[in-house]
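Chains as they are written, first to last, in the working numbering: chain A, 1 to 336; chain B, 1001 to 1336.
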């Protein structure tokens, strides 16, 4: 069954079931000119939004609807995580070509609802419309954070230690496997596929870190560590040194790089879409925060470098030599 | 100059100037993972979002960037108006084909900023990304409204009078002129072009009406009066009678219909994109509310019908005969 067989309003009726994950504070959900809800009084409201376009961000034939919906929501939740916030309400705009299978779209909303329910996030509205060629999805998230706890890109200070909440480079390796038709049964690379297809939004980790003393700036790794840390540097007017030998590389990425002849440090530094959080912390509080993080979550918070006053990003190679970093990350328009 | 010549981050730097229309309550504007702001405590937060896709909602060659940006924002402000709310922050996601002229995009943001500044709305964030073929724009608006004043679709009651804040059908006539290459110099049809190209968001009117005693349900006319009133009827489980002879038709639409042989009542009942508000009011308060509206705004609030308990929409023709209405409005997918 295609979209042209049922029409916009029947489609909305089909997908709205199960979208209200949590009722508290919600006064008007899907079905009016706007959604209406009451956020926690005295907190800041956070909003982030991301637009995904077929043939740029995904290939409809190469993904399931579930995975596409899951990831579209996950990358937005990650932005709220990078502010130290709690995600509350999601708004999904979708432009659908007439030949798009209804089953694919229903699967897409299943993927969104699956992830939304894990994080107590409502799908509270959006827009459904047509498209000539490409499927287009815009996800907007409204969240909240205490004003004093909010983590921005502009709060890094020289001397801060830099941490990441997870392995880097796995997602790019997963993408390589997918683009080259290497299936999940080929090798023991499940974690690499999963990092790319079903990324983990670090919401609980971001909220925990934002409440720790001495935690300053944060960003999530979407374009690649070097590129995203670069946003912290320019917003905070600081520099940084990354210790290449300490960028966390998963055992599967290590094996992948050995098998296919890639440089795992290059993957860790420039591979995008890991959606780990990169945070900077005052040196005198960093060790305590790291220990309490590891007690709370039972997994490591990886220290990967330090903020400097040079205004430049430098890479310390395994021999201790310091090299200037060349920004290499994803830019949607520029070639090379 | 094209998008591929400057890249995403330079583009954001170019368009962010002038986007902060109002600073109060804003803690983090464009340039971090999410925007952060403090809404009025004790009010409901409203969110609406609309997705516009090239070749479905607009033709890039047939519009200026300014007009496209203006209208993309206006139709979303209209949704906040239809809730009786105040618009506060706008979030613009845009997916740009590499061949898109930078001047067009800058003009688009000029159109948005122009309208935003009229309504004290910030452009506070969004997403910039690529597209293979079509320019895609998603606009999300965050607003607020007092809980007791909010106007929904589900609050109409039998006996309510039905009003519209402006003429109906002008926008469809404007579209007809544009699609048939009839230029503004051809006849004295400026109001028809303007209704289609630069629609007025009835924010002040919606806020005023939401504060009046006895005002119940509201919606904005995007798909056409019959279709949009139909949403009120199904959400409120009521019927309605529209008096065809009293649907407000502008002098220009009347002349247009005479010249081109169209039925002006049909235009008024089914023409979309007028973005006037349709509101229902308790019969015993309607006259007082209408009079105070006309004193406040110096323009008429047109009474066009009444809510019934039949569950059906009926049209009373100029001879007094009652006919069932056949829903005719815009549906993005269904044919015929």
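Think of the CB as a built atom: it goes at the ideal place given N, C-alpha and C, for glycine as much as any other residue.
The structure displayed is predicted, hence computed values, not measured ones.
Within-8 Å CB hit, residue i to chain B
i	result
residue 312 of chain A	no
residue 122 of chain A	no
residue 213 of chain A	no
residue 93 of chain A	yes
residue 129 of chain A	yes
Chain-ordered neighbours of residue i on chain B, where CB pairs are closer than 9 Å
i	result
residue 132 of chain A	1053, 1054, 1055, 1056, 1133, 1134
residue 338 of chain A	What the structure shows of chain A is the stretch from 1 to 336, and residue 338 of chain A is not part of that stretch, so it cannot be assessed.
residue 280 of chain A	Chain B residues near residue 280 of chain A: none, gap ~14 Å exceeds 9 Å.
Cβ shell of residue i (< 6 Å), same chain only, five flanking positions each side left out
i	result
residue 1172 of chain B	1267, 1271
residue 155 of chain A	216, 217
residue 142 of chain A	47, 88, 89
residue 1323 of chain B	1315
residue 225 of chain A	168, 269
residue 95 of chain A	129, 131, 136
residue 1093 of chain B	1126, 1127, 1138
Chain-order list of residues whose beta-carbon lies under 8 Å from that of residue i (same chain, five-residue window excluded)
i	result
residue 263 of chain A	257
residue 1074 of chain B	1115, 1198, 1199, 1200, 1201, 1275
residue 1107 of chain B	1064, 1065, 1066, 1069
residue 27 of chain A	36, 37, 38
Contact list for residue i against chain B, beta-carbon separation under 8 Å
i	result
residue 15 of chain A	Result: empty, since nearest Cβ-Cβ is about 14 Å, beyond 8 Å.
residue 150 of chain A	1027, 1028, 1036
Under the three-state DSSP convention, the category residue i falls into
i	result
residue 2 of chain A	strand
residue 1262 of chain B	coil
residue 122 of chain A	strand
residue 1143 of chain B	strand
residue 1022 of chain B	coil
residue 273 of chain A	coil
residue 1324 of chain B	strand
residue 1138 of chain B	strand
residue 150 of chain A	coil
residue 219 of chain A	strand
residue 1028 of chain B	strand
residue 1088 of chain B	strand
residue 161 of chain A	strand
residue 1035 of chain B	strand
residue 1093 of chain B	strand
residue 1168 of chain B	coil
residue 1182 of chain B	coil
Contact set between residue i and chain A, taken where Cβ atoms lie within less than 7 Å
i	result
residue 1126 of chain B	49
residue 1153 of chain B	32
residue 1180 of chain B	What residue 1180 of chain B touches in chain A: nothing, since even the nearest Cβ is about 22 Å away.
Residue-level contact to chain A via CB, residue i, 8 Å cutoff
i	result
residue 1335 of chain B	For residue 1335 of chain B, the predicted structure reports a pLDDT of 46, less than 50, and the residue's modelled location is therefore unreliable. A value from the coordinates is still provided. Output row for residue 1335 of chain B: interface = yes.
residue 1171 of chain B	no
residue 1188 of chain B	no
residue 1079 of chain B	yes
residue 1038 of chain B	yes
residue 1352 of chain B	A question about residue 1352 of chain B goes unanswered here, because the residues of chain B that appear run from 1001 up to 1336.
residue 1160 of chain B	no
residue 1292 of chain B	no
residue 1147 of chain B	yes
residue 1235 of chain B	yes
residue 1219 of chain B	yes
residue 1067 of chain B	no
Cutoff 7 Å; reference residue i; Cβ partners in own chain excluding five residues on either side
i	result
residue 1044 of chain B	1144, 1145, 1147, 1150
residue 335 of chain A	In this prediction, residue 335 of chain A has a pLDDT of 47, which is less than 50 and means its spatial position is unreliable; what the coordinates show is noted afterwards. Answer for residue 335 of chain A: no residue qualifies.
residue 9 of chain A	none
residue 1301 of chain B	1163, 1165, 1290, 1293, 1294
residue 84 of chain A	145, 149, 150, 151, 206, 207, 209, 210, 218
residue 1318 of chain B	1244, 1245
residue 1297 of chain B	1205
residue 1265 of chain B	1244, 1247
Burial state of residue i, where buried means 16 or more other Cβ atoms lie within 10 Å
i	result
residue 201 of chain A	buried
residue 71 of chain A	buried
residue 163 of chain A	buried
residue 1138 of chain B	buried
residue 1180 of chain B	exposed
residue 13 of chain A	exposed
residue 347 of chain A	Residue numbering for chain A in the displayed model covers 1 to 336; residue 347 of chain A lies beyond these limits and cannot be assessed.
Residue i: contacting residues in chain A (beta-carbon distance under 9 Å)
i	result
residue 1238 of chain B	Neighbours of residue 1238 of chain B on chain A: none; closest Cβ ~16 Å, over 9 Å.
Listed by chain order, chain A residues near residue i by CB distance under 8 Å
i	result
residue 1041 of chain B	41, 42
residue 1142 of chain B	45, 47, 142
Any chain C beta carbon closer than 8 Å to residue i
i	result
residue 1083 of chain B	Absence of chain C from the displayed structure is noted, the protein chains being A and B.
Where residue i meets chain B, residues with beta-carbon distance less than 7 Å
i	result
residue 23 of chain A	Going along chain B, no residue has its Cβ under 7 Å from residue 23 of chain A, so there is no contact; the nearest lies around 14 Å.
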